[in-house]
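Peer 1: Chains as they are written, first to last, in the working numbering: chain W, 181 to 294; chain P, 17 to 129.
In this text, a Cβ means the ideal position worked out from N, Cα and C, and glycines have one as well.
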């Protein structure tokens with residue numbers, strides 16, 4: 181299994197809703213990432229988990245809350261989002277520090293906040 | 017402050033010819049560089065990488081060249097195929113911040129049949 185899966189593919193939510201994005205990989209990778217990508221822009225790093233511990237938080241607003249229940253799963257909990265948070269949310273994984281740099285991306289969740 | 021730049025937002029090439037995509041960086045601490053390809057509504061797909069100890073890496077039709085003194089890298093696709101039409105991002109990283117990629121803004125390649 182050499183892929184990163186993300187659910188759901190599409191999500192529409194109101195500003196008062198609470199929802200979660202899910203990401204899973206079974207490649208034995210020890211680093212997992214959340215990125216946000218707006219149209220015609222490069223991916224922007226949000227969070228990095230390394231060996232299930234949060235190692236990077238790129239000053240992301242608290243309405244985004246990451247969680248890494250185990251080495252294969254990564255969640256992003258969403259609450260009280262704003263319309264400008266509408267974007268493609270990408271999950272990625274990599275083997276881990278000292279092994280290799282390559283990050284492998286999932287297909288993304290297209291989020292629309294109304 | 018964008019540390020990785022792709023100055024050509026788009027490139028159009030005839031099928032069978034060479035595509036050359038360029039990328040410049042400013043941080044001399046970067047020691048690993050990658051190219052990703054992205055189709056609409058999909059996540060980026062890893063294409064090829066190069067470490068700073070090399071100046072060339074080849075994988076099939078794809079070759080990445082690194083010029084450290086000029087802080088410049090390029091991706092050559094030979095021969096170009098219509099299926100190569102996508103947005104190409106270059107990314108850089110370094111041992112100082114292993115998990116963080118600095119992405120360029122992307123170049124949209126269109127290969128015409």
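Is it buried or exposed, residue 216 (chain W), if we count other Cβ atoms within 10 angstroms and call 16 or more buried?
Peer 2: Under this definition residue 216 (chain W) is a buried residue.
Peer 1: With 16 as the cutoff for other CB atoms within 10 Å, does residue 233 (chain W) come out buried or exposed?
Peer 2: It is exposed - the Cβ of residue 233 (chain W) has fewer than 16 other Cβ atoms within 10 Å.
Peer 1: Let's see if you can read the secondary structure: which residues bound the beta strand (DSSP E) around residue 290 (chain W)?
Peer 2: First-last of the beta strand (DSSP E) with residue 290 (chain W): 289-293.
Peer 1: Going by C-alpha distance, which of P:111, P:116 and P:92 is nearest residue 35 (chain P)?
Peer 2: When only C-alpha atoms are compared, the closest one is P:92.
Peer 1: Quick check: what's the CA-CA separation for residue 38 (chain P) versus residue 67 (chain P)?
Peer 2: For residue 38 (chain P) and residue 67 (chain P), the distance between alpha carbons rounds to 17 Å.
Peer 1: Am I right that residue 40 (chain P) and residue 70 (chain P) are in contact with their C-beta atoms under 8 Å? What's the rounded C-beta distance?
Peer 2: The Cβ separation is near 18 Å, so there is no contact.
Peer 1: With respect to the beta strand (DSSP E) encompassing residue 121 (chain P), which residues constitute its N-terminal and C-terminal limits?
Peer 2: First-last for residue 121 (chain P): undefined, no H or E at that position.
Peer 1: Using DSSP with H/G/I as helix, E/B as strand and the rest coil, what is residue 60 (chain P)?
Peer 2: Coil.
Peer 1: In the DSSP assignment, what are the bridge partners of residue 110 (chain P)?
Peer 2: Answer by DSSP bridge pairing, in chain order: P:113.
Peer 1: For a contact defined as C-beta to C-beta under 9 Å, what are the partners of residue 62 (chain P) on chain W?
Peer 2: The answer, in chain order, is 282, 283, 284 and 285.
Peer 1: Is it buried or exposed, residue 226 (chain W), if we count other Cβ atoms within 10 angstroms and call 16 or more buried?
Peer 2: By the neighbour-count rule (16 or more Cβ atoms within 10 Å), residue 226 (chain W) is buried.
Peer 1: Using three-state DSSP, classify residue 264 (chain W) as helix, strand or coil.
Peer 2: Helix, per DSSP.
Peer 1: Rounded to whole angstroms, what's the CA-CA distance from residue 190 (chain W) to residue 28 (chain P)? Just pull it up for me.
Peer 2: When rounded, the distance between both Cα atoms is 31 Å.
Peer 1: Rank W:237, W:218 and W:272 by C-alpha distance to the C-alpha of residue 184 (chain W) and give the top, closest one.
Peer 2: Among W:237, W:218 and W:272, the Cα nearest to that of residue 184 (chain W) is on W:272.
Peer 1: Taking the beta strand (DSSP E) that residue 43 (chain P) falls in, what are its first and last residues?
Peer 2: No beta strand (DSSP E) holds residue 43 (chain P); DSSP gives it neither H nor E.
Peer 1: So with CB distances below 8 Å, who are the chain W contacts of residue 115 (chain P)?
Peer 2: Result: 211, 213, 228, 230, 235, 236, 274 and 277.
Peer 1: Please list, in chain order, all residues of the same chain as residue 294 (chain W) whose beta carbon is under 6 Å from its beta carbon, the five residues on each side excluded.
Peer 2: Only 194 meet the Cβ criterion.
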